[in-house]
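One structure is given below, encoded as structure tokens.
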Amino acid sequence: MNWIQSLGQSGLEFFEKLGRAHIFLWQALAGIPSVLRRPSLLVAQLYSIGVLSLLIILVSGLFVGMVLALQGYNTLSDFGAEESLGVVVALSMVRELGPVITGLLFAGRAGSALTAEIGLMKATEQLSGMEMMAVDPIRRVISPRFLAGLISMPLLAAIFSAIGIYGGYFVGVDVLGVDEGAYWSQMQSKVDLYEDIFNGVIKSIAFGWVCAWIAVFEGYDAIPTSEGVSRATTRTVVHSALAVLGLDFVLTALMFD
Amino acid sequence: MEESLVQVRQLHFSRGQRKIFNGMDLDIPRGKITAIMGPSGTGKTTLLKLIGGQLQPASGSVIIDGLEVPKLSRSRLYKLRRRMGMLFQSGALLTDLSVFDNVAYPLREHTDMSESMIRDLVLLKLHAVGLRGARDLNPSELSGGMARRVALARAIALDPMMIMYDEPFTGQDPISMGVLVQLIRKLNNALGLTSIIVSHDVKEAASIADYIYVISEGKVVEHGTPDELDRSDSSWVQQFLQGLPDGPVPFHYPATDYREDLLGADRASQR
Amino acid sequence: MRQNKTLEITVGLFIAGGLAALLVLAMKVSNLTQLNQGDGYNVVARFENIGGLKVRSPVKVGGVRIGRVAGIDYDTERYQAVVTMQLEGKYNQFPDDTSASVYTAGLLGEQYIALEPGGAEDYLQQGSEIDITQSAVIIEQLISKFLFNKASEPSGE
Chain A
66 MNWIQSLGQS
76 GLEFFEKLGR
86 AHIFLWQALA
96 GIPSVLRRPS
106 LLVAQLYSIG
116 VLSLLIILVS
126 GLFVGMVLAL
136 QGYNTLSDFG
146 AEESLGVVVA
156 LSMVRELGPV
166 ITGLLFAGRA
176 GSALTAEIGL
186 MKATEQLSGM
196 EMMAVDPIRR
206 VISPRFLAGL
216 ISMPLLAAIF
226 SAIGIYGGYF
236 VGVDVLGVDE
246 GAYWSQMQSK
256 VDLYEDIFNG
266 VIKSIAFGWV
276 CAWIAVFEGY
286 DAIPTSEGVS
296 RATTRTVVHS
306 ALAVLGLDFV
316 LTALMFD
Chain B
87 MEESLVQVRQ
97 LHFSRGQRKI
107 FNGMDLDIPR
117 GKITAIMGPS
127 GTGKTTLLKL
137 IGGQLQPASG
147 SVIIDGLEVP
157 KLSRSRLYKL
167 RRRMGMLFQS
177 GALLTDLSVF
187 DNVAYPLREH
197 TDMSESMIRD
207 LVLLKLHAVG
217 LRGARDLNPS
227 ELSGGMARRV
237 ALARAIALDP
247 MMIMYDEPFT
257 GQDPISMGVL
267 VQLIRKLNNA
277 LGLTSIIVSH
287 DVKEAASIAD
297 YIYVISEGKV
307 VEHGTPDELD
317 RSDSSWVQQF
327 LQGLPDGPVP
337 FHYPATDYRE
347 DLLGADRASQ
357 R
Chain C
168 MRQNKTLEIT
178 VGLFIAGGLA
188 ALLVLAMKVS
198 NLTQLNQGDG
208 YNVVARFENI
218 GGLKVRSPVK
228 VGGVRIGRVA
238 GIDYDTERYQ
248 AVVTMQLEGK
258 YNQFPDDTSA
268 SVYTAGLLGE
278 QYIALEPGGA
288 EDYLQQGSEI
298 DITQSAVIIE
308 QLISKFLFNK
318 ASEPSGE
């Protein structure tokens with residue numbers, strides 16, 4: 066009956082971790098007002114989380130947009146509907162690919178870096194040291210990073226979508242010969258500000274919340290050895306990816322019915 | 087006893103299933119250097135964390151300067167911590183700040199002093215540990231001993247009433263060791279500090295300690311001045327202080343009879 | 168903590184870039200410029216068959232979009248589809264006897280409502296009903312009509 070015991074144990078550990086994660090989130094949120102009083106912390110984190118992710122977002126967005134245009138054109142030309150290419154690229158990007166792919170890239174690049182950094186601070190006793198210096202490590206270290214992640218994600222997703230749509234324009238209009246006017250005008254009549262853009266932004270905020278939360282928590286909770294930190298980093302990427310995809314399904318079902 | 091800054095009474099603490107402290111009693115006298123020694127794994131670092139309020143005891147009390155540490159609210163605990171300094175085993179310097187900024191950190195966080203005042207204080211503290219010229223280096227450029235000295239400068243930045251040293255002598259070359267030992271003694275006397283040193287380096291700790299506690303199995307085994315301990319008739323303490331390989335703490339991990347073990351394997355492989 | 172001027176500038180650029188992207192998405196990509204300005208008024212029309220008409224399908228006059236389908240309902244007493252249309256407030260001079268038909272735009276078949284102005288003196292107002300309607304053309308009915316006609320033709324001509 067040993068496997069029942071270990072199953073029960075894993076279950077308990079899971080709930081324990083879930084509880085810890087939520088208490089942690091609460092503390093991180095409580096620290097946000099003090100972050101806003103010292104914007105230099107936030108600015109530094111926005112740089113390392115947001116600005117340094119720009120390159121991968123720009124390149125990926127561009128290529129995804131271009132591929133969408135290529136594939137979309139192939140299928141649409143079967144129906145003689147090439148003029149709708151703008152619609153295809155824009156809706157795919159804004160509703161789905163923008164938030165989701167940005168979320169996945171964010172988790173991989175920024176999320177893993179956050180977890181490693183915080184885990185390493187834990188392993189080298191810097192967090193303990195701060196505590197003993199009467200500085201709350203959550204307010205000083207965690208809250209700025211969480212807030213920066215929350216702010217960066219929607220911006221990165223918007224940049225991804227925008228550059229993807231322009232990438233699609235480049236391939237569709239300049240390379241494949243779709244009419245320029247048709248590309249934009251069809252897009253403008255079919256893409257709704259509230260239904261599509263707004264919902265896409267909400268998605269990216271939700272993904273930013275989840276990815277930032279997982280990244281800082283796994284770092285803070287990591288076992289303070291080199292192996293522990295490396296495992297925590299892996300967990301961040303995997304769990305963030307799963308969370309983004311799962312949340313995407315739920316949100317899509319709720320928003321676009 | 088009013089002359090003890092820290093009083094630990096009937097301390098009980100467990101980590102998971104393991105009982106770490108089993109009714110521990112301790113008194114840290116004011117203005118003196120107290121060494122807490124014992125074999126590795128007896129929870130000496132845990133004791134410092136309990137004193138500093140980072141961990142909560144299962145039962146018992148920890149009283150610092152009349153304040154019950156486990157019962158303090160968060161803000162009052164933080165206020166108390168500003169009067170305490172702690173030197174971690176690895177120094178625990180903030181890696182993204184320079185030496186200067188590391189020492190200035192507690193000053194910037196907890197005081198409203200102008201930058202020029204902070205600069206003067208930081209240079210003072212760094213000079214006291216002999217590293218004023220290293221102020222612009224990054225922690226990654228420091229040797230272990232230097233990092234610890236910077237951490238020490240940081241620990242005394244707010245002129246605390248006590249400092250806790252977690253294994254300060256581990257892994258140090260003779261010169262750095264000598265420097266550190268001297269510094270601890272000098273600072274303690276010059277600043278009127280109460281110092282608590284946790285270490286298993288008997289020779290160095292005993293050379294500067296005014297009082298020694300030897301703990302094992304979650305309790306205090308012996309305590310007294312270095313001379314008193316030297317004359318102790320506990321064979322365990324003697325083994326520990328002299329570093330004898332065998333004695334009450336056995337050399338061999340419990341195992342079956344040696345001969346049987348060897349021959350048994352032979353017989354099994356002959357089948 | 169050294170606050171780098173370059174750092175601050177790059178972060179500022181990043182935030183500006185992100186907001187600019189959002190603006191681009193809002194202005195150039197979406198239908199922001201075509202969203203309803205001012206208040207609209209609702210008009211009702213009944214059809215036998217609305218085909219593939221959906222909520223938010225356009226309502227056009229002479230090819231110009233002047234409103235959207237706001238709601239689609241079914242009347243179980245008179246067995247008719249009831250379509251509520253929201254017309255833009257500035258287009259409030261349609262005669263009472265304007266007709267509404269369900270047409271198909273383009274080959275991919277997005278359906279919309281086309282209004283044909285009549286000649287009455289009273290204008291459509293909030294809550295008015297359009298009496299003259301033409302249902303959507305359903306391909307299957309067309310085919311069966313064609314076959315029926317073909318079958319009833321006298322042979323050998």
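Protein chains in written order, with the numbering used here: chain A, 66 to 322; chain B, 87 to 357; chain C, 168 to 324. C-beta atoms are modelled at their ideal positions from N, C-alpha and C, and glycine is treated no differently.
- Secondary structure at Arg168 (chain B): coil, using DSSP grouped into helix, strand and coil.
- In the displayed model, Ile207 (chain A) falls within a helix according to three-state DSSP.
- At least one CB atom of chain C sits nearer than 9 angstroms to the CB of Gln253 (chain A).
- The C-alpha of Ile97 (chain A) is placed about 60 angstroms away from the C-alpha of Ile305 (chain C).
- Each of B:Glu253, B:Ala121, B:Leu348 was checked against the Cα of Ile301 (chain B), and the nearest Cα belongs to B:Ala121.
- Sequence-ordered contacts of the segment 241-272 of chain B with chain A are nonexistent [C-beta pairs closer than 7 angstroms].
- Annotation: Tyr208 (chain C) is outside any alpha helix (DSSP H); the continuous beta strand (DSSP E) that includes it extends over 207-214.
- In the three-state DSSP reduction, Gln93 (chain B) falls in the strand class (E or B).
- By the Cβ rule, the segment 239-251 of chain C does not count as touching the segment 281-292 of chain C, because fewer than three pairs are nearer than 8 angstroms.
- When only Cα atoms are considered, Leu309 (chain C) and Ser149 (chain A) end up about 28 angstroms apart.
- Below 8 angstroms, too few C-beta pairs join the segment 243-258 of chain B and the segment 212-224 of chain B to call them touching: fewer than three.
- Every candidate beta strand (DSSP E) stretch fails here, since none sits fully inside the segment 124-201 of chain A while reaching 3 residues.
- Bounds of the beta strand (DSSP E) holding Phe107 (chain B) are 104-115.
- Taken in chain order, the complete beta strand (DSSP E) segments of 3 or more residues contained in the segment 238-324 of chain C are 247-255, 266-272, 277-283, 295-297, 299-301.
- According to DSSP, residue pairing for Ser285 (chain B) in a beta bridge involves B:Met123.
- Within chain A, the residues Thr189, Glu190 have their CB atoms less than 8 angstroms from the CB of Ser176 (chain B), given in chain order.
- Nearest CB-CB separation between Ala175 (chain A) and chain B: not below the 9 angstroms threshold.
- Fewer than three pairs of CB atoms, one per stretch, sit closer than 8 angstroms, so the segment 291-308 of chain A makes no contact with the segment 196-209 of chain A.
- Its Cα nearest to that of Gln96 (chain B), the residue B:Ile106 stands out among B:Glu89, B:Gly102, B:Ile106.
- In summary, the residues of the segment 191-215 of chain A whose CB is separated from some CB of chain B by less than 9 angstroms are Gln191, Leu192, Ser193, Gly194, Met195, Glu196, Met197, Met198, Ala199, Val200, Asp201, Arg205, in the order they occur in the chain.
- By the CB criterion at 9 angstroms, Leu220 (chain A) and Ala193 (chain C) fall outside the cutoff.
- DSSP, reduced to helix, strand and coil, places Glu81 (chain A) within a helical segment of the structure shown.
- The beta-carbon of Met186 (chain A) is placed less than 9 angstroms from the nearest beta-carbon of chain B.
- Between Tyr191 (chain B) and Leu180 (chain B), the CB-CB gap stays under 9 angstroms.
- Here the alpha carbon of Ser262 (chain B) sits roughly 24 angstroms from the alpha carbon of Asp245 (chain B).
- Using a CB distance below 7 angstroms, no part of the segment 207-234 of chain B faces chain A.
- Counting only runs of 4+ residues, the alpha helix (DSSP H) found wholly inside the segment 244-312 of chain A occupies 245-255, 264-286, in chain order.
- Note on Met247 (chain B): 16 or more other CB atoms within 10 angstroms of its CB, so buried under the neighbour-count rule.
- A residue is called buried once 16 or more other Cβ atoms fall within 10 Å of its Cβ, and Lys211 (chain B) is buried on that count.
- Under the 9 angstroms criterion on CB atoms, Glu201 (chain B) is classed as non-interfacial with respect to chain A.
- Each residue's CA atom was taken as its position, placing Asn316 (chain C) and Thr300 (chain C) some 25 angstroms apart.
- Under the three-state reduction of DSSP, Pro340 (chain B) is assigned to coil, being neither helix nor strand.
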